[in-house]
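Reviewing the structure listed below.
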Amino acid sequence: MVYKIKKHSTMPVHVVDDHNDALRYIYREIGSKHLPLYGNVLLHFDSHPDLSIPKDMPADYVYEKEQLFDSLSIENWILPAAYAGHFDKIIWVKPPWARQFNEGEIVFSIGKHKTSGAIRLTNSSDFYLSDGLYCLENDLINIRTIKLFVFTMCSSVFDDGEEKFELLRNKFIEYTRDNPHYILDFDCDFFSTNNPFLTMYDKANLYTNLHKIYSYNSPTNKEDVNSLLQCSRSREILLQELESVFMHLDDGKSLDEYPTETLTAVNTEDLSFIVNELLKHYDTIDWLIVHNAGCTIDNIELPNHHTDIADIAKSMDIVFNFLPIIHEPAAITIALSTGDDYCPLESARFINESLLAKLECLYNKLNVQKCTEGS
């Protein structure tokens, strides 16, 4: 169905705390015909890619938006919308301390896995292998092609180099040639980033110890499909087993009550040490948070860079030197990321206020909507 795309009289800015809640308002832009249903571009400024996938979510949830929204979290809200066709090109602009993907373009397929019914993809980056999300295209149905372009911005703030926008601008022009509509998306942690897991249960040295049971080794031969599949499957089994253990503990049961002989991928000696260390130092433990912390561990650490106010301001200037050389977005989304502690509290207010002020200077009148979950 072809319909005329509307244009807002004032630039809408949807401000959320948890980044996945931004998708609700992107869907509203689509529903109100301010964005096409298919083929939009996401210009995503963030220290995290947010490009994982809900591992166990049925792919068909993307067609039932409330089920979809209930299944998403901050790290996995973009690609389900891409599987639904709303985005097919994603530009992740990252700060220099974020290294989850190599710079450049990656083209891959995403689809519904024939066996599990979940969303899977053909991208063999360690980011996906370490989550057990990689598969062959032959194992997928309802396939879509996704283009991801990764670009580092603001390096000159820290190394006195020169910012060059030509490559990013050219890629943006290419991506918006057939469909000019895009969402401009910010996470405040682009400018200053905290890894909240570093200090979690630190009396038990938790984050360091978790590396013993969640560590990930990249395949030595990335050209060998069998090695990629074996790596992804092994990782999937490890994470499933660890999730089962920590759900058992979260139910108030002890590790001694768990049939550890069924664990084929977990080092039970290291697991026992970690559990005992936590119990020794803490009366109350959120075991599911412990597992979530472990799931962030692969061969690249989560970004952690507390930027001072002066460098935040310089970074902001660089971003707003780039934005005027591309056309206006259909709408803007901003995630504060204070509730999950990914944006340091000491700088969050300054970042948010500066961002809104600069956006208003650039796009004139803004319609800022500070959104609460589910509103």
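Here my numbering is used: the first residue of the sequence shown is 5, the next is one more, and so on.
The beta carbon of each residue, even a glycine, is placed where N, CA and C say it ideally should be.
Just so you know, these numbers come straight off a predicted model, no measurement behind them.
In the three-state DSSP reduction, T311 falls in the coil class, being neither helix nor strand. Pairing L133 with L232 gives a Cβ-Cβ distance under 8 Å. Listed as beta-bridge partners of T149 by DSSP are S113. Take the alpha-carbon of D74 and the one of L275: they are about 31 Å apart. Between V154 and the set M15, K175, K216, the nearest pair of CA atoms involves K175.
Taking one beta carbon from each stretch, the stretch 359-377 and the stretch 17-28 have 3 or more pairs nearer than 8 Å; the two touch.
The alpha carbon of P62 has as its nearest neighbour, out of P100, E33, H117, G43, the alpha carbon of H117. For the pair L137 and S236, the CB atoms are nearer than the 8 Å cut-off. DSSP places Q234 within a helical segment (H, G or I) once states are collapsed to three. Taking a contact to require three or more Cβ pairs closer than 8 Å, the stretch 32-44 and the stretch 86-95 qualify as touching.
The alpha helix (DSSP H) runs lying completely inside the stretch 343-367 and spanning 4 residues or more are 349-367, given in chain order. Residue state for D260 is assigned as helix, using DSSP reduced to three classes. When DSSP states are grouped into helix, strand and coil, Y186 belongs to the strand group. Partner residues in the beta bridge of M15, as assigned by DSSP, are L370.
Sequence-distant Cβ neighbours of P200 in its own chain, meaning closer than 6 Å and more than five residues away, are D345. In this structure, A317 lies away from E33, with their beta-carbon atoms at least 8 Å apart. Linking I278 to D130 through their CA atoms gives a straight-line distance of about 26 Å.
Apart from the 5 residues on each side of it in sequence, D254 sits with its Cβ closer than 7 Å to the Cβ of W291, L292 in its chain, given in chain order. Your pair L340 and C139 does not check out as a contact, with CB atoms roughly 35 Å apart and the cut at 8 Å.
Spanning the alpha carbons of L283 and L214 requires a straight line of approximately 15 Å. Linking S159 to D50 through their CA atoms gives a straight-line distance of about 14 Å. By DSSP's assignment, N280 forms no beta bridge with any residue. Between the beta-carbon of P84 and that of I57 there is about 7 Å, and that keeps the pair under the 8 Å contact cut. When the five nearest sequence neighbours on each side are left out, the beta carbons in the same chain lying within less than 8 Å of the beta carbon of P328 are those of L366, in order along the chain. Cβ-Cβ distances below 8 Å link T224 to S231 in the same chain, with the five nearest sequence neighbours on each side left out; the list follows chain order.
The stretch 143-151 makes contact with the stretch 109-116, as at least three CB pairs between them are under 8 Å. Annotated three-state conformation of K59 is coil, per DSSP. Ranked by how close their Cα comes to the Cα of L27, the residues Q71, E350, E273 have Q71 in first place.
Distances from the CA of L172 to each of G108, R181, I78 were compared; the closest alpha carbon is that of G108.
T197 is bridged by DSSP to H309.
In this chain, the beta strand (DSSP E) harbouring D92 covers 91-98. Secondary structure at D25: helix, using DSSP grouped into helix, strand and coil. Contact check for P53 against W81 fails: the beta carbons are separated by 8 Å or more. Counting along the chain, F49 sits inside no alpha helix (DSSP H); it lies in the beta strand (DSSP E) bounded by residues 44-49.
Between F195 and the set E350, G35, L55, Y87, the nearest pair of CA atoms involves E350.
V111 and S258 have their C-alpha atoms spaced approximately 45 Å apart.
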